[in-house]
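The next block holds one structure in the form of structure tokens; read it before the comments.
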Amino acid sequence: MKPASDLILKMPIKDFAKKKVCDGHLFVPGREGRKFYVMKPGMYLDASFLKKHAKLNTVFDFIPVTDEEVVTDFLKLFKELKYLHFEKDLRMKSGEIVQRFQEVYAGGEHLLSFVLACHQEFCGVSEEYLSKMHETDLHLFRKSIYAAAIAIVIGISNDFYHYSMLKDFYNLTFALDIGLCDKDYSYFVAQACNEENKRPGSGKAWLVAQRASQSEINVFLSHPEKSHGFLKSHAHLLSYPELAEIALYQHELSSGSGFPRGIAKGQISSWEAVVMLADSFFEILDQYNFEENFLDYVAQFENEKLTSLPIGKVYRRFCKTLKYFHELSGVG
Ligand SMILES: [Fe+2]
């Protein structure tokens, strides 16, 4: 993806070490003026990376993509929502969050400012597991942090406006693929997940066609159960611990197809649909093309899951809410 601006800053490792997530494009200057791309916006800054560069005393070339004021603004709104009690106030404040989201991103801003605010406010997953995700696949953390943030906006658009519920959506979505953290994880497994998310039911067949090993197929097929196990054993992550079941349903459809169990027809609720939709927007991938034009990306999003209820309904409400604020703010 092309950098959001041409502003290149010199960033010594000591300044960079204070961050938890990479908030720009990061290059290491090499000899003869050559630059090496080392990190993308949204990637996790793990301890070994920071340690290595602290030793080398690296000064990076850094192209920021976030806006500190936008991050602070969203954090303020989340804090305000947290202490509200009456339904009318909750609706108003959560509506304000979506409206602010729409205003910020109608202009083609990079999505990461909102994503960082959500991560700071809601993420309860420990550093140990954040590192595990990063070690499993550099892009797994990045996918999860984006998906979890969008679950907040999808949730609000679908009338989930309690702070604790939104926080649960965040941690559920974030941890959905934590079950992929396995020694047999590979590039094939990541691609199978991306295929599955676009075309439900295609992941396993894709792995077989690629002659993936049985252990890779197992990692893929068992990840919902493993993520579910993770959420059950980290009950502090959820205000409503029974929502851990959503991790099991992430690849089930209301038609009764899907895995790991093939649940009864019509059993998916809009709670699961919020998380499943958020998860489907993002791939475990090196490249993203939505970060600077997220609203357009949402409007044009196509996915076989959208033909299935209640995911299609949740998606339409999400679009409608964003469009509503788009019209209200007079941008479109
Ligand atoms: Fe998954």
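For the sequence shown, this note's numbering gives the first residue as 653, with consecutive numbering after it.
Every residue gets a Cβ at the ideal spot worked out from N, C-alpha and C, and that includes glycine.
- Its chain contains 854, 855, 903 as the residues whose beta carbon lies nearer than 7 Å to that of residue 848, once the 5 sequence neighbours on both sides are disregarded; these appear in chain order.
- The beta carbon of residue 773 lies closer than 7 Å to those of 727, 730 in the same chain, with the five residues before and after it left out.
- If you draw a straight line from the Cα of residue 918 to the Cα of residue 899, it comes to about 17 Å.
- Taking each of 922, 945, 823, 942 in turn and checking the Cα distance to residue 887, the smallest one comes out for 823.
- The Cβ neighbour count for residue 825, taken over all protein chains shown within 10 Å, is at least 16; the residue is labelled buried.
- The nearest non-hydrogen atom of ligand 1 is 7 Å or more from the C-beta of residue 770.
- Following the DSSP letters along the chain, one finds residue 695 in no alpha helix (DSSP H), marked with neither H nor E.
- One thing to note: residue 931 has its Cβ within 8 Å of the Cβ of residue 828.
- Annotated three-state conformation of residue 723 is helix, per DSSP.
- Note on geometry: alpha-carbon atoms of residue 674 and residue 697 lie some 6 Å from one another.
- The three-state reading of DSSP puts residue 792 in helix, counting H, G and I together.
- For the alpha helix (DSSP H) assignment, the uninterrupted runs of no fewer than 4 residues enclosed by the segment 700-765 are, from N- to C-terminal side, 720-734, 739-758.
- Distance from the C-beta of residue 890 to the nearest heavy atom of ligand 1 is not below 7 Å.
- Distances taken from the Cβ of residue 875 to the heavy atoms of ligand 1 include one shorter than 7 Å.
- For residue 852, no pairing in a beta bridge is given by DSSP.
- Taking 8 Å as the cut-off, the Cβ atoms of residue 959 and residue 809 do not count as close.
- By the C-beta density criterion, residue 813 is buried, having at least 16 other C-beta atoms within 10 angstroms.
- Less than 8 Å separates the beta-carbon of residue 936 from that of residue 795.
- Here DSSP, grouped into helix, strand and coil, assigns residue 677 to strand.
- With contacts defined by Cβ atoms closer than 8 Å, residue 793 and residue 695 form a contacting pair.
- One thing to note: residue 933 has its Cβ within 8 Å of the Cβ of residue 953.
- Here residue 837 carries a coil assignment [DSSP, helix/strand/coil].
- With contacts defined as CB atoms closer than 8 Å, residue 912 and residue 859 fail to qualify as a contacting pair.
- Where residue 884 is concerned, the enclosing alpha helix (DSSP H) starts and stops at 866-885.
- For residue 824, no beta strand (DSSP E) segment is defined; the enclosing uninterrupted segment is the alpha helix (DSSP H) at 815-827.
- The C-beta of residue 724 has fewer than 16 other C-beta atoms within 10 Å across all chains shown, which makes the residue exposed.
- Residue nearest to residue 771 within the set 739, 818, 680, 784 is 818 (criterion: CA-CA distance).
- Residue 940 is bridged by DSSP to nothing; it lacks a bridge partner.
- Shown here, residue 812 sits in coil according to DSSP, grouped into three states, outside any helix or strand.
- By the criterion of a C-beta distance shorter than 8 Å, residue 846 is surrounded in its chain by 935, 936, 937, once the five residues flanking it on both sides are discounted.
- One alpha carbon belongs to residue 691, the other to residue 864, and they sit about 28 Å apart.
- Three or more Cβ pairs closer than 8 Å define a contact, and the segment 733-740 falls short of that threshold against the segment 709-722.
- Annotation for residue 836: 865, 867, 868, 870, 871 place their beta carbon closer than 8 Å to its own, counting only its chain and skipping 5 residues before and after.
- For residue 746, the closest C-alpha among the options 757, 758, 906, 732 is that of 732.
- Beta-bridge partners of residue 689 (DSSP): 679.
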